[in-house]
Amino acid sequence: MKTNKKQFKFKRIPYYVSLLLLTCGASLILGFLSFGGAFALAPILPLAVGAFVLSVAYEGEIYLQNIKGALAKLFKGDYLSHQLAKNFLLKHFPDTNMDNCPQFFKDYQEQLKLFAALNHKKLSQEQKNHFSAVKRRLKDMEQWFASQLYPSAAEEALTSYAESVHIWLKQQQQQQWALRLQRHRVLYRLAGIMSVLSALFMGLGSTYLIVEACSVIPFVAVIPFAFWPLFIAPMAVIAGIAYGFLIYNTLTDLISQQTLQKWYQNLRNDFRQGITARNIFLATMSVVLAGLAITLTICTAGTWWTVASNTRPLFTWMSKMPSFIMRIINPIITGLSAVFFNLQNTSESLEMLAAATNPQGAKLSFWQRLRHQLRVLWEHLQQHENIWQQLNPFRLLLKITLTPLRLLLFLGHLVSIAFTADRMPGIPQIAAALVALISEGFEDAHYFIPAIESEEHSADDIMQQLEERLGDEAGHEHHTDIPTRLLKNLALPIYILAAIWDWLASRLPARTGSQAPLTWNKAWEKQRGNKTTIDAITPETHLSPDWKKEHTLCLLKKYQHQHLQGAIYAQKKIAAFNELQEQIFTEPAEATHKVIVTAHKSSALNQHRLFGMNQAACRTQQFLSQLPERVGLERNSTPTAARC
């Protein structure tokens with residue numbers, strides 16, 4: 107197993123290197139825009155450098171998330187069909203208590219309960235392993251469901267388990283979802299074309315931007331201009347490619363999440379229920395924020411026009427291009443692509459505003475939840491801390507310094523972004539910067555303002571669990587910005603003193619009730635705001651034998667497609683794999699484990715490659731030995747694998 111883990115990490119190195127380079131490239135565009143705008147407003151080099159750092163430090167986190175999303179959409183097979191299948195599950199998940207509900211949804215719900223029980227918790231190593239198995243099983247289930255929602259053209263025999271899902275899907279407008287897949291594929295291709303154009307023009311524009319910035323940096327300006335292409339051209343190429351990924355992810359999110367349609371429909375549905383102060387407020391904010399986003403885009407495009415008009419081209423051939431390419435087409439393309447990015451972020455901030463005012467239904471509003479959590483926090487302090495712990499001076503010092511510093515840095519970030527759009531011809535720099543500052547504040551609020559968590563949900567709240575697993579924000583982390591992490595690391599000595607105080611004060615005789623002295627680890631985790639490890643739990647997995655059989659068949663087909671497809675030397679192994687799948691298909695579900703164990707000893711399936719070591723277990727043998735545990739059958743030991 108150790109060998110496999112090392113191989114896996116090694117294969118991921120190019121991905122992480124590419125992700126780092128692309129994130130840096132996208133951040134450079136914004137950083138140099140801030141740098142140039144700040145220097146144009148006030149020619150003070152430290153101020154311009156500060157604007158560069160603050161813009162990159164915050165926006166780098168956002169760009170990282172967007173580029174990861176774009177890479178997944180481009181390089182993960184069948185990403186679109188899987189995403190639409192998740193949307194289908196989220197919208198049409200049936201009541202599992204109904205008589206005609208397929209068994210698949212009951213099995214999926216059981217795994218979803220385990221996922222909800224372990225998600226967002228600090229886990230022991232054993233619990234982490236169990237949680238990883240649950241997530242992997244859920245992913246397999248979602249991929250299997252996608253293959254049922256969008257079946258291949260080839261006719262395949264179906265088990266009774268799969269047939270029940272097919273019958274149910276035909277009653278749920280399956281054909282419309284097939285048409286939606288085709289429509290999304292066309293729109294994704296158009297988004298790809300737009301992204302390529304954006305990347306091309308942004309790469310060209312970045313050369314002007316970087317040349318402008320380098321011209322005012324003393325230790326770079328002394329380098330002969332003939333050498334500048336050696337370091338500017340690679341940066342511009344990476345920046346252009348990164349920007350293309352950003353726009354592709356944004357456009358595809360707008361398509362798949364139907365952002366603009368939802369925006370309009372939510373407002374329309376609100377007004378259908380009557381004209382209220384909340385409805386008028388949200389409609390006004392929608393118009394204002396959309397206007398700000400468009401105005402910011404125009405000012406940014408004007409800034410690019412100013413940069414291209416007043417900066418020396420990097421290469422001689424660039425000066426021979428028709429002037430309208432960089433002065434007209436480039437601002438239009440970059441501006442049009444940027445407006446989608448601005449509108450996508452603005453819509454997410456509008457959702458936050460809608461939740462903060464007065465969500466309908468039985469849910470508490472943002473302010474009600476805030477008051478509730480403050481009350482719960484006070485009660486928690488009274489129940490779990492004595493007076494000496496409550497008077498922890500180092501904790502108080504952290505609260506009155508870190509929070510204002512975080513706010514100050516975020517305001518500095520907004521100012522640095524304002525510098526990116528302050529050179530629009532015909533508009534005063536201060537006015538353009540102010541528009542950019544306000545718009546950026548609303549756009550980025552949802553990334554950096556922590557959400558007020560609602561109360562614990564019931565274990566049977568399936569819709570909440572589905573939203574947590576399949577919703578648009580599933581798996582996103584918005585509270586790990588670089589400045590916050592840097593501040594917490596700089597304040598490490600104060601955190602240590604606060605933990606020592608808490609640890610010692612918990613041992614004083616002023617304890618009440620069942621309070622027990624804190625261990626050092628608990629005191630440290632408490633002061634750092636880390637979640638404590640949950641009690642050991644071993645929830646049972648109630649998966650039907652029919653799903654385990656279906657899961658086994660699915661993984662066998664997937665393994666055969668990935669590792670045995672078209673391999674001439676493996677014809678005997680392919681035939682044995684087909685025979686194994688046929689045997690599992692025809693045998694009762696309860697016999698699946700026995701069939702796998704027998705196949706594990708098959709000489710045809712355990713045939714090594716030409717240079718494989720016969721004394722080591724081959725990859726196929728290892729796969730078959732791990733298969734029972736992955737599908738929820740009896741655990742087996744897994745020997746070290748050689749490729750076969």
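Here the sequence shown is numbered in our numbering, starting from 107 and rising by one per residue.
Cβ coordinates follow ideal geometry from the N, Cα and C atoms, glycine included.
Here the structure is a predicted model, which is why all the values come from computation and not from measurement.
DSSP beta-bridge partners of residue i
i    : result
C405 : Note: C405 sits in no beta bridge, so no partner.
Local conformation of residue i per DSSP, three classes
i    : result
C130 : helix
C207 : coil
F116 : helix
A148 : coil
S731 : helix
T265 : coil
S709 : coil
K182 : coil
P324 : helix
G175 : helix
T202 : coil
F683 : helix
V701 : helix
V123 : helix
Q279 : coil
A163 : helix
I533 : coil
L456 : helix
I329 : coil
R418 : coil
M391 : helix
E216 : helix
F625 : Going by the sequence as given, residue 625 is Thr instead of Phe. Three-state DSSP puts T625 in coil, outside helix and strand.
P615 : coil
D567 : coil
M308 : helix
G298 : helix
S429 : helix
H648 : coil
E696 : helix
A597 : coil
Through-space distance from residue j to residue i, alpha-carbon basis
i    : j    : result
A163 : R384 : 35 Å
S301 : M308 : 10 Å
F114 : A682 : In this prediction, F114 has a pLDDT of 49, which is less than 50 and means its spatial position is unreliable; nothing more can be read from the coordinates.
A220 : S133 : Per the sequence shown, residue 220 should be read as Leu rather than Ala. Computed Cα separation, rounded: 39 Å.
D201 : C207 : 7 Å
L395 : L543 : 12 Å
D246 : S650 : 15 Å
A252 : N172 : 24 Å
Q379 : L373 : 10 Å
F447 : I353 : 7 Å
L244 : T390 : 42 Å
A348 : G142 : 20 Å
N498 : S612 : 11 Å
T409 : T129 : 22 Å
L224 : P330 : 59 Å
K663 : D587 : 42 Å
Q727 : L517 : 58 Å
N203 : I702 : 33 Å
T491 : L218 : One detail in the question is off: residue 491 reads as Glu in this sequence, not Thr. Between E491 and L218, the C-alpha separation is close to 35 Å.
Q231 : T590 : 27 Å
Check whether the segment 193–204 and the segment 160–170 touch, using three or more Cβ-Cβ pairs below 8 Å as the test. Below 8 Å, too few C-beta pairs join the segment 193–204 and the segment 160–170 to call them touching: fewer than three.
I'd like to know if the segment 350–362 and the segment 292–301 are in contact, where contact means that at least 3 CB-CB pairs between them fall below 8 Å. yes
Taking the runs of the alpha helix (DSSP H) that are 4 residues or longer, which of them lie wholly in the segment 336–387? 365–378
Just checking, does the segment 730–738 make contact with the segment 691–707 on the three C-beta pairs under 8 Å criterion? yes
Scan the segment 470–531 and note each continuous alpha helix (DSSP H) run of 4 residues or more that stays entirely inside, going in chain order. 472–490, 493–496, 499–524
Go through the segment 235–264 residue by residue and report every complete run of the alpha helix (DSSP H) that reaches 4 residues or more, in order. none
Can you confirm whether the segment 211–218 touches the segment 143–153 when touching is taken to mean that 3 or more C-beta pairs between the two stretches lie within less than 8 Å? no
When the Cβ atoms of the segment 309–317 are set against those of the segment 260–271, are three or more pairs found closer than 8 Å? no
Per the contact definition of three or more C-beta pairs closer than 8 Å, is the segment 397–409 in contact with the segment 521–534? yes
So, does the segment 624–631 touch the segment 595–611, judging by three or more C-beta pairs under 8 Å? yes
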